[in-house]
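As given, the protein sequences belong to chains C and V, one line each in that order. For the first sequence, our numbering gives the first residue as 235, with consecutive numbering after it. For the second sequence, our numbering gives the first residue as 235, with consecutive numbering after it. Read through the structure below, which is laid out as structure tokens, and then see the notes.
2 protein chains.
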Amino acid sequence: MRATLIYGAHDVRSEEIPDARIQSPTDAVIRILRSCICGSDLHRYNAMPATVVGVSIGHECLGIVEEIGSDVTGLGRGDLVVSPFSYSDGECDFCLEGLTSSCRHGGFYGHGRDGASGMQAEAARIPLADTTLVKLGVAEDSALLSGLLTLADVLPTGHHAAVVARVGPRTSVTVIGDGAVGLCAVIAAKRLGAERIILMGRHDDRLELGRDFGATDLVPERGDEGVKRVRELTRGDGTHAVLECVGHLDAYEQALGVVRAGGIIGRVGVPQYEVGPIGINTMFMRNITLSGGPAPVRAYIDELLPEILDGSLLAGKVFDLSLPLESAPEGYRAMANRRALKVMLTP
Amino acid sequence: MRATLIYGAHDVRSEEIPDARIQSPTDAVIRILRSCICGSDLHRYNAMPATVVGVSIGHECLGIVEEIGSDVTGLGRGDLVVSPFSYSDGECDFCLEGLTSSCRHGGFYGHGRDGASGMQAEAARIPLADTTLVKLGVAEDSALLSGLLTLADVLPTGHHAAVVARVGPRTSVTVIGDGAVGLCAVIAAKRLGAERIILMGRHDDRLELGRDFGATDLVPERGDEGVKRVRELTRGDGTHAVLECVGHLDAYEQALGVVRAGGIIGRVGVPQYEVGPIGINTMFMRNITLSGGPAPVRAYIDELLPEILDGSLLAGKVFDLSLPLESAPEGYRAMANRRALKVMLTP
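As structure tokens, this is what we get:
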């Protein structure tokens, strides 16, 4: 089958690899209808050391169940399903607590771990299929597919940032980053009732999409200038919640700069740094909280899916470029040089 | 009046300074009955650069109101009161939200800031007295004074660690540090219903006091050995909540090592470091939350005071050495070399 492999920084290739196949009785194999490229894939695209053997990549997809293992009971051939970016058993203590991304028997796609392959491919093996995949109940030609694809990662990830930062009515929010996750964080903050949503980003068109999604203030300035601007907008205080959707150290530092005393930084951008400021003046004296991590996507889908199906939640607008699967390398280039916000791949 | 001044590392002196006096209509002056030395004073005692002019020190006391400013209406001469380690106006947005330690018109004692003097003295000026001081309703010779003195800092600080780490029934807890704040954190965790409380510390007598306060497991090992031991006690997982009551980087690293995925580090030890590990493997992938800061003491006193008054909360046991005020330098030495857990100073 056709799949996307990464060999190192700026070296993504579309190649033929062995077909995905059932390996365990709890597996399913799905034929992928839509996959996409994530901001976190870009971190690897920009920095991964070169390898001789390509590594499969991609962790977002929806598709059609083609084959199921002998223990799979809740799915059948032909079901149109979405997969979260991690698989989970739905019954361990972490899953029962809603932290499916820490499932005791789970794992992540697209990193060659645990034999789970990447999703930027024609097909994928899904471990623990019954408790991982979610049936969508739409047809293969549904106009909702792009919106439903955001359930695999970016929408629940933006939602996670808002949830851990306890966004609600009367909360002021700053979203850092105008990528797909940042824009979904705007959607999530609005949906949870935030009255003030300040979006920080560098791209006029993305900021405007953020305004459509509910941002009340747009801040194109960065670094100290950006911090100053947000503070001006909030009588010097900063906001109760800051949703850090980038992952670079300067974004975290910006978050510290714009968070109000007693406030929470909900960090979902995968950190590209090991240490950062957490000392007395930056964080402690003002009782700042830092939270976040990989979203427990499976736990959030039930809440978000109905609003995509009824058309009220338009997260699918984050896709601004659609390419055939074999053009994935072009998709990476387009996202890396900011020509595209988020690239969808189709068969 | 007699007061304690710090001139630099290992240089604390007891000296005569001008009497505390009313400077603003909202001030009160109290005659101090009991003050004490804090672990955070020790950080300064160990590391403060030398100065020519001594700086007043101490931020915990209870005493008798001697004089009030013309705008003070809720207090009168002779009232026996406790003061939180910070003063606050009780009416700004932060105070109304319960974050009195970030009061817009407030400040901290014992750092020479805003004219508020140190509490290791015969008397102190208390700004914003009406909304800062709490009347205790006991007599000057009450046996409860040592317990009531813990309301100034260590008990609400331990409580704060537990509150921000969302300790409750079914929560497992690790407390790092067997100083007075760590022991009060054990009290707080027990009081909030934690079923498992693991106390990490190096002093057998303090650990035993921790057991009296409710610790279920005592771990004298430190560093990697200590982390390994806590993980053994928790089937490899660590605990939901970790209350970091030390403030050194190795204590924070230990906290990361013993916190369960999805768990919260409630940090109340004043950090003696500016940067620390917050990256993908130490924190992010497991959805660890870091919270905490200076406790909003004033906001917690109403909840904790009744249990000290009725004798059910025995936090006063943390005091194991009582010295006359002029012996404060000896008290610092005793705490610095761990001969004393917490030193009380009396007139």
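Idealized CB from N, CA, C, for every residue including glycine.
Which class does residue i belong to by DSSP, given the choice of helix, strand or coil?
| i | result |
| --- | --- |
| Val502 of chain C | coil |
| Glu459 of chain C | helix |
| Pro558 of chain V | strand |
| Gly413 of chain C | coil |
| Pro581 of chain V | coil |
| Arg347 of chain C | Note on Arg347 of chain C: pLDDT 40, under 50, position unreliable in the model; the coordinate value appears next. The answer is helix: DSSP assigns Arg347 of chain C an H, G or I state. |
| Val476 of chain V | strand |
| Tyr566 of chain V | helix |
| Lys369 of chain C | strand |
| Phe319 of chain V | coil |
| Ile291 of chain C | coil |
| Ser258 of chain C | coil |
| Val531 of chain C | helix |
| Met517 of chain C | helix |
| Gly324 of chain C | coil |
| Cys270 of chain C | strand |
| His244 of chain C | coil |
| Leu426 of chain C | coil |
| Val552 of chain C | helix |
Please report the distance separating the alpha-carbon of residue i from that of residue j.
| i | j | result |
| --- | --- | --- |
| Glu459 of chain C | Val409 of chain C | 16 Å |
| Leu324 of chain V | Gly550 of chain V | Looking at the sequence provided, one finds Gly at residue 324 of chain V rather than Leu. Whole-angstrom Cα-Cα distance: 27 Å. |
| Ser380 of chain C | His393 of chain C | 18 Å |
| Val464 of chain V | Ser335 of chain C | 23 Å |
| Val398 of chain C | Val388 of chain V | 28 Å |
| Arg278 of chain V | Asp245 of chain V | 10 Å |
| Asp375 of chain C | Met578 of chain C | 15 Å |
| Leu333 of chain C | Ile498 of chain V | 14 Å |
| Glu356 of chain V | Ser248 of chain V | 11 Å |
| Gly448 of chain C | Pro403 of chain V | 38 Å |
| Ala208 of chain V | Gly292 of chain C | A question about residue 208 of chain V goes unanswered here, because the residues of chain V that appear run from 235 up to 581. |
| Thr366 of chain C | Tyr343 of chain C | 12 Å |
| Leu543 of chain C | Arg469 of chain C | 40 Å |
| Arg572 of chain C | Gly565 of chain C | 10 Å |
| Ala568 of chain V | Asp327 of chain V | 41 Å |
| Gly527 of chain V | Met517 of chain C | 8 Å |
| Ala570 of chain V | Pro454 of chain V | 19 Å |
| Glu250 of chain C | Glu301 of chain C | 20 Å |
| Ser304 of chain V | Leu330 of chain V | 25 Å |
Kindly list the residues whose CB is nearer than 6 Å to the CB of residue i, restricted to its own chain and excluding five residues on each side of it in sequence; keep chain order.
| i | result |
| --- | --- |
| Lys369 of chain V | Asp313 and Val315 |
| Gly371 of chain V | none |
| Asp348 of chain V | Caution applies to Asp348 of chain V, whose pLDDT of 39 falls short of 50 and renders its modelled position unreliable; the value that the coordinates give is listed next. If we look at Asp348 of chain V and ignore the five residues flanking it on each side, its Cβ neighbours are Gly341. |
| Pro390 of chain C | Ala529, Val531 and Tyr534 |
| Arg520 of chain V | Ala495 |
| Ala423 of chain V | Ala396, Val401, Val407 and Ile431 |
| Arg311 of chain C | Val299 |
| Leu547 of chain V | Glu541 |
| Leu362 of chain C | Thr260, Tyr321 and Asp323 |
| Met434 of chain C | Ile410, Val453 and Gly460 |
Considering only residues of the same chain and omitting the five flanking positions on each side of residue i, which have a CB-CB separation below 7 Å?
| i | result |
| --- | --- |
| Pro283 of chain C | Gly242 |
| Thr384 of chain C | Cys418, Ala549, Gly550 and Val552 |
| Glu294 of chain C | Ser269, Cys270, Cys272, Phe319, Met353, Leu383, Ala386 and Asp387 |
| Leu378 of chain C | Val372, Ile542 and Leu543 |
Output yes or no for whether 7 Å exceeds the beta carbon distance between residue i and residue j.
| i | j | result |
| --- | --- | --- |
| Gln257 of chain V | Ala562 of chain V | no |
| Val420 of chain C | Ile431 of chain C | yes |
| Gly308 of chain C | Ile266 of chain C | no |
| Val552 of chain V | Val509 of chain C | no |
| Leu441 of chain V | Leu452 of chain V | yes |
| Ala574 of chain C | Leu555 of chain C | yes |
| Thr473 of chain C | Val407 of chain C | yes |
| Val461 of chain V | Val493 of chain V | no |
| Gly306 of chain V | Ala358 of chain V | Strictly speaking, residue 306 of chain V in this sequence is Val, with Gly absent from that position. Not closer than 7 Å, so no. |
Compute the beta-carbon to beta-carbon distance between residue i and residue j, rounded to the nearest angstrom, for a pair I have assumed lies under 8 Å.
| i | j | result |
| --- | --- | --- |
| Gly496 of chain V | Ala485 of chain V | Gly496 of chain V to Ala485 of chain V, Cβ: 21 Å. No contact. |
| Ile240 of chain C | Val289 of chain C | 5 Å |
| Gly481 of chain V | Pro505 of chain V | 6 Å |
| Arg501 of chain C | Pro318 of chain C | Between Pro318 of chain C and Arg501 of chain C the Cβ distance is about 19 Å, and since that is not below 8 Å, they are no contact. |
| Asp412 of chain V | Gly444 of chain V | 6 Å |
| Leu477 of chain V | Ile522 of chain V | The Cβ separation is near 14 Å, so there is no contact. |
Excluding the 5 residues flanking residue i on each side, which residues of the same chain have their C-beta closer than 8 Å to its C-beta?
| i | result |
| --- | --- |
| Thr580 of chain V | Leu267, Arg268, Ser556, Leu557, Pro558 and Leu559 |
| Ser525 of chain C | Val398, Ala399, Ile498, Ile499, Gly500 and Arg501 |
| Ala281 of chain C | Ala243 and Gln506 |
Between residue i and the ligand NAD, is the CB less than 6 Å from at least one heavy atom?
| i | result |
| --- | --- |
| Ile360 of chain C | In the structure on display, the ligand NAD does not appear, and there are no ligands present to speak of. |
Within 7 Å of any Cβ in chain A, is that where the Cβ of residue i sits?
| i | result |
| --- | --- |
| Pro259 of chain V | In the structure shown, chain A does not exist; the protein chains are C and V. |
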